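Residue numbers (the working numbering): 5 to 118. Below is one structure; the comments refer to it alone.
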């Protein structure tokens, strides 16, 4: 099995729980701390492609940065632009095996890739 990339925020309990689940199963995990190393628009678009139908769920709609934009029914392009501008808007955790990605809500969802 290839190494999984976990888009991770260590301040998030769900993200820490997903990491713990993967490590307890001895899965090789590469952490991408997206708050320290934000994804650019192209990387976000590629990640959205691997998320498939769940791509719109990569947006954290409850954050103040999103509410300030005042967009009620965003397109995927608007979602990607917003996350590129405000990395905090990226839902976490997201596990990515390079072919498919899943949002770890609940954290056990990341186990779908193993």
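Glycine residues also receive a C-beta, built at the ideal position from the N, C-alpha and C atoms. All of these numbers come straight from a predicted model, not from anything done at the bench.
I'd like to know whether the C-beta atoms of residue i and residue j end up nearer to each other than 8 Å.
i          : j           : result
residue 86 : residue 22  : no
residue 58 : residue 118 : no
residue 25 : residue 95  : no
residue 9  : residue 36  : yes
residue 80 : residue 52  : yes
residue 19 : residue 97  : yes
Per DSSP, which residues does residue i bridge with? Please list them.
i          : result
residue 11 : 36 and 98
residue 31 : Bridge partners of residue 31: none, in fact.
Tell me which same chain residues have a C-beta within less than 7 Å of the C-beta of residue i, skipping the five on either side of it?
i          : result
residue 48 : 84, 87 and 88
residue 75 : 82
Between which two residues does the beta strand (DSSP E) carrying residue i extend?
i           : result
residue 107 : 105-107
Beta carbon of residue i: closer than 7 Å to some heavy atom of the ligand SAM?
i          : result
residue 83 : As far as ligands go, the structure on display features none, and thus does not contain the ligand SAM.
Looking only at its chain, what residues have a beta carbon closer than 6 Å to the beta carbon of residue i, apart from the 5 residues adjacent to it on each side?
i          : result
residue 38 : 11, 91 and 94
Kindly list the residues whose CB is nearer than 8 Å to the CB of residue i, restricted to its own chain and excluding five residues on each side of it in sequence; keep chain order.
i          : result
residue 67 : 90, 92 and 93
Whole runs of the beta strand (DSSP E) within the stretch 15-91, excluding any shorter than 3 residues:
Listed in chain order, the complete beta strand (DSSP E) runs (minimum 3 residues) inside the stretch 15-91 are 33-37.
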